[in-house]
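So the structure is just underneath, and the comments pick up after that.
There are 2 protein chains.
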Amino acid sequence: MSDLLGRLRGRGWRMTVQRRVVAEVLDGEHVHLTADEVLARAAVRLPEISRATVYNTLGELVSLGEVMEVATDGRAKRYDPNARRPHQHLVCSTCGAIRDVHPDGDPLAALPASERYGFTVSAAEVTYRGLCPDCAHA
Amino acid sequence: MSDLLGRLRGRGWRMTVQRRVVAEVLDGEHVHLTADEVLARAAVRLPEISRATVYNTLGELVSLGEVMEVATDGRAKRYDPNARRPHQHLVCSTCGAIRDVHPDGDPLAALPASERYGFTVSAAEVTYRGLCPDCAHA
DNA sequence: ATCCTACGATGGACGAAATCCAAGTCAATA
DNA sequence: TATTGACTTGGATTTCGTCCATCGTAGGAT
């Protein structure tokens with residue numbers, strides 16, 4: 001992730017304190033924070049950071065391909081910093097826990113041309129649903 | 139879908155005018171209405187139906203497994219009455235148009251045991267993204 | 001080192017989607 | 001047909017996110 005700041009600077013990003021803090025908050029594996037959670041964690045280090053800035057920065061990171069937006073359910077979107085490696089998500093139907101997973105093969109390949117209706121298909125998002133070990137016992 | 143009303147009655151549903159109208163509005167193939175669209179169409183036949191009732195009824199149909207909830211991105215959820223046949227969705231990134239599609243094989247099979255982290259995995263939702271023929275030209 | 005200025009940050013208003021709630025209504029059973 | 005608890009209503013509320021006018025500042029220019 002230390003690399004991320006360098007890549008962003010290389011793309012002409014103006015490096016503000018706010019952007020640095022948001023990028024640092026998003027560091028790690030299996031991190032799937034909501035925008036509000038990002039705001040809360042960023043505010044620990046930078047109390048005056050605004051919600052709009054968090055949304056702006058997250059949006060920029062997403063369009064740069066550095067962060068993946070994950071819509072798990074009707075709730076708030078989550079932001080996944082592990083965007084450089086293609087992966088899918090496994091979600092617990094009860095508690096909402098999320099894991100990054102790597103299915104065999106390319107999910108896109110499973111959609112035959114006859115089922116594409118003239119669309120230019122560019123991506124496939126897979127959400128596996130089930131019960132995590134903790135929730136399976138209850 | 140005519141069958142649906144019978145099935146619902148069999149499950150102890152109190153059959154009100156409102157529920158009947160909502161169920162009838164959701165009839166058909168490749169139907170992916172938002173809650174507001176369902177409300178608008180229901181209101182043609184039953185002007186006094188309330189938004190809360192539409193949401194309640196849709197939620198009940200979803201938990202009975204009669205209707206599938208489709209969360210597109212950032213936009214309002216859509217409701218798909220074709221829930222009895224397993225299928226996935228192809229969504230236009232630009233205009234939001236949706237098609238039902240049937241990929242080859244069972245998407246669940248692509249997730250090896252080593253990637254299940256002890257979860258009891260029961261379903262896989264796939265969303266294919268791309269441009270529909272109309273939007274690809276613009 | 002200091003100055004400039006365009007890009008970014010701020011926060012409060014705004015908007016869409018969905019849920020909640022107390023009060024009124026009615027479908028189904030006896 | 002009388003009863004009753006499930007259902008409906010509509011307005012308030014919550015949640016999530018965007019917009020906008022104004023202020024601040026990063027980083028190149030001098």
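Taken in order, these protein sequences are the chains called A and B.
Positions 1 to 138 (the working numbering) are the ones given, in order, by the first sequence.
Positions 139 to 276 (the working numbering) are the ones given, in order, by the second sequence.
Just so it is clear, CB atoms sit at the ideal spot from N, CA and C, and this is done for glycine as well.
For residue i, decide whether its Cβ has a neighbour in chain B, counting only Cβ atoms nearer than 8 Å.
i, result
"A/His32", "no"
"A/Ser122", "yes"
"A/Val101", "yes"
"A/Arg129", "yes"
"A/Gly96", "no"
"A/Ala43", "no"
"A/Ala23", "no"
"A/Ala35", "no"
"A/Gly10", "no"
"A/Leu4", "no"
Is there a Cβ from chain A that is less than 8 Å from the Cβ of residue i?
i, result
"B/Leu253", "According to the sequence as given, residue 253 of chain B is Glu; it is not Leu. Interface residue, yes."
"B/Cys270", "yes"
"B/Glu263", "yes"
"B/Pro185", "no"
"B/Gly166", "no"
"B/Arg189", "no"
"B/Ala274", "yes"
"B/Leu177", "no"
Let me check one thing: in DSSP terms, what residues is residue i bridge-paired to?
i, result
"B/Val239", "B/Gln226"
"B/Met206", "B/Asp218"
"B/Leu284", "Examination of residue 284 of chain B is not possible in this model, given that chain B is present from 139 through 276 alone."
"A/Glu115", "BP columns for A/Glu115 are empty, so no partner."
"B/Val264", "A/Val126"
Can you tell me the Cβ-Cβ gap for residue i and residue j, rounded? I've got them flagged as a contact below 8 Å.
i, j, result
"A/His32", "A/Val70", "6 Å"
"B/Ala214", "B/Thr172", "4 Å"
"A/Val101", "B/Leu246", "That pair is no contact at about 12 Å."
"B/Thr195", "B/Gln226", "Incorrect: roughly 25 Å between the Cβ atoms, too far for contact."
"B/Ala262", "A/Val126", "6 Å"
"A/Thr94", "A/Leu131", "6 Å"
"A/Tyr79", "A/Val67", "5 Å"
"A/Ala97", "B/Thr258", "About 13 Å separates the two Cβ atoms, so there is no contact after all."
"B/Val192", "B/Leu177", "5 Å"
"A/Val25", "A/Arg41", "5 Å"
"A/Leu4", "A/Ala23", "6 Å"
"A/Pro86", "A/Gly28", "No, A/Pro86 and A/Gly28 are not in contact; Cβ-Cβ is about 18 Å, not under 8 Å."
Completely contained alpha helix (DSSP H) runs for the segment 159–197 of chain B, where each covers 4 or more residues: Fully enclosed alpha helix (DSSP H) runs of no fewer than 4 residues occupy 173–183 of the segment 159–197 of chain B, in order along the chain.
Short-range partners of chain A found in the segment 192–223 of chain B, where Cβ spacing is below 9 Å: For the segment 192–223 of chain B, the set of positions with a beta-carbon nearer than 9 Å to some beta-carbon of chain A reads Glu207, Ala209, Thr210, Asp211, Gly212 and Lys215 in chain order.
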